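First the structure, in the form of structure tokens, and then the observations on it.
In full-length UniProt numbering, the protein residues as written are 1 to 570.
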């Protein structure tokens, strides 16, 4: 009698697999399924607080394919989301009063918004920076939520397997086989999904209109509701003119700089002192009271003596490394494209930022960092020594865009060794200067001098001290452990000059600002960028030149001049 074949199984292929294979596949599918569910939850529920021009704003992901900018009783700006699919966002701007009497002009936020006209023009000239900042914050939050949700689901699965003695699938199958359980579970799942998805996907047609002034701008077609629509219709032309004027000015300045640099020989010969020529110091250089920032005191040490050229190598033996230096940009995002042009057309090894990149060190000024970073070549490193208008938060924002923020350590670029640190003070407009850590500028200077002297004794000397406040370099110059100091802070050019045992160069503002506030719009005073070259083999400072961008967008590039040589380098 022949054996009768057993009943045919629905998934014959599956049952032919080894138990280990089936377990591996089930585990992978569980990980994939729970991961997708967690990802959907994380993305759809993401929220963050980030800057929006001069304001802070709360960002929330929605599923209605719209970007909705809510400005309280003023109204809203609504545009179609540029992201494919249902993803959108709701942006709630802070600092807009919620209890406004429309008939009381003293309570209206409109005058305040109009007072920020230049800041809004700055925002609209670089909207991609604000978008990048918000996207980065939302992505970070979404990843965090996804990780938590995924971990929670995996823990629940593991707990279920433990409670069922390893027979979780059988327990679930038996539970679903009971009358009504499957239908009830499906209904609950559908209702839960609807409760989450439907409210987020409802698209109420906004009761507003698109002012004609937006035509031809990135906001063309945007629907604006409430009083804000009338404000934009009446005053939007001013903002648009400000944006167009701002963009045209800095585009002209960048074009003029590119044309001037491209017309020069490449590479330019190194400017060195003539044989036997001395480089006298430029005399006493204490900062004048009217030129220093509040709380600064004149230098206790003045430049003394003469620096001699010593035995300089022949020009053909030099291997110059070119750097671009800026200082005190103070959130002038328009200068980002000019600085980027300088980097691109000189082939600089790096950008040296001597601090005060922003104006008050607040969280909303991450926009300034993002906008400036977006205009710089991605492959050129940026080395920063933060200033007193920057903050601990500013330093973190700079690290987030890939800049190297000096924090008491040595950074090497193309064989040149830099030492610096973040400024220990914070100056905010209207609230004065406060300490951000338990160390004064002079104490920081002594600590950096100790580090530089120890490095020199160890045979690995520091070539450049990059610090914002010139006072922070006094100890290093006096002790002769660093041959060159680069600084900003004073908003005027000093040097390069021999100071005790070193050479100090102080750059004026690269943002065109005369004070510590943010610089917006076309330049109202000259801005300056410095090019400098150092020898790769010896670290010796060779020569420098200044680039001046005028208030008419014209560019004046000075001649290459040799650095004076410090007595310690002779």
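We put the beta carbon where it would ideally sit given N, CA and C, even for glycine.
A quick note: this is a predicted structure, and the numbers were derived from the prediction, not measured.
In its own chain, which residues sit with a C-beta less than 6 Å from the C-beta of residue i, not counting the 5 before and 5 after it?
i, result
"residue 387", "355, 356, 423, 468"
"residue 391", "361, 426"
"residue 415", "536"
"residue 258", "341, 345"
"residue 29", "none"
For the beta strand (DSSP E) that residue i lies in, which residues bound it at each end?
i, result
"residue 528", "527-535"
"residue 70", "66-70"
"residue 60", "55-62"
"residue 494", "494-499"
"residue 502", "502-506"
"residue 392", "Unbroken run through residue 392 is the alpha helix (DSSP H), 392-400; no beta strand (DSSP E)."
"residue 412", "410-413"
"residue 564", "Neither: residue 564 is in no beta strand (DSSP E) and is coded neither H nor E."
"residue 320", "320-326"
Output the distance between the C-alpha atoms of residue i and residue j, rounded to the nearest integer angstrom.
i, j, result
"residue 359", "residue 370", "14 Å"
"residue 248", "residue 333", "13 Å"
"residue 153", "residue 25", "18 Å"
"residue 254", "residue 341", "6 Å"
"residue 394", "residue 490", "20 Å"
"residue 548", "residue 528", "5 Å"
"residue 378", "residue 227", "41 Å"
"residue 327", "residue 352", "8 Å"
"residue 452", "residue 402", "26 Å"
"residue 38", "residue 137", "18 Å"
"residue 375", "residue 347", "15 Å"
"residue 93", "residue 364", "12 Å"
"residue 439", "residue 410", "19 Å"
"residue 323", "residue 543", "11 Å"
"residue 67", "residue 41", "19 Å"
"residue 463", "residue 565", "13 Å"
"residue 383", "residue 541", "17 Å"
Helix, strand or coil for residue i per DSSP?
i, result
"residue 539", "coil"
"residue 465", "strand"
"residue 144", "helix"
"residue 86", "coil"
"residue 270", "coil"
"residue 50", "strand"
"residue 427", "strand"
"residue 470", "helix"
"residue 353", "strand"
"residue 241", "helix"
"residue 432", "strand"
"residue 614", "The chain is shown from 1 up to 570; residue 614 falls before or after that span and cannot be answered."
"residue 358", "coil"
"residue 73", "helix"
"residue 380", "coil"
"residue 227", "helix"
"residue 511", "coil"
"residue 208", "strand"
"residue 329", "coil"
Exposed or buried, what is residue i when buried is set at 16 or more other beta-carbons lying within 10 Å of its beta-carbon?
i, result
"residue 18", "exposed"
"residue 485", "buried"
"residue 454", "exposed"
"residue 487", "buried"
"residue 504", "buried"
"residue 511", "buried"
"residue 530", "buried"
"residue 435", "exposed"
"residue 524", "exposed"
"residue 156", "exposed"
Keeping to the same chain, check which residues put their C-beta closer than 8 Å to that of residue i; ignore five residues upstream and five downstream.
i, result
"residue 229", "75, 208, 209, 211"
"residue 85", "65"
"residue 301", "The predicted position of residue 301 is uncertain, since its pLDDT is 42 and thus under 50; no value can be drawn from it."
"residue 338", "250, 253, 254, 257, 527, 529, 549"
Compute every distance between the C-beta of residue i and the non-hydrogen atoms of the ligand COA, then say whether any falls below 8 Å.
i, result
"residue 243", "The model depicted lacks the ligand COA and carries no ligand whatsoever."
In terms of residues, what are the limits of the alpha helix (DSSP H) holding residue i?
i, result
"residue 19", "19-44"
"residue 336", "335-346"
"residue 457", "441-457"
"residue 524", "Residue 524 -> no alpha helix (DSSP H), and no H or E assigned at all."
Within its chain, find whatever has a CB closer than 7 Å to the CB of residue i; leave out the 5 residues flanking it on each side and keep chain order.
i, result
"residue 237", "213"
"residue 381", "350, 404, 413"
"residue 559", "545"
"residue 319", "535, 536, 537"
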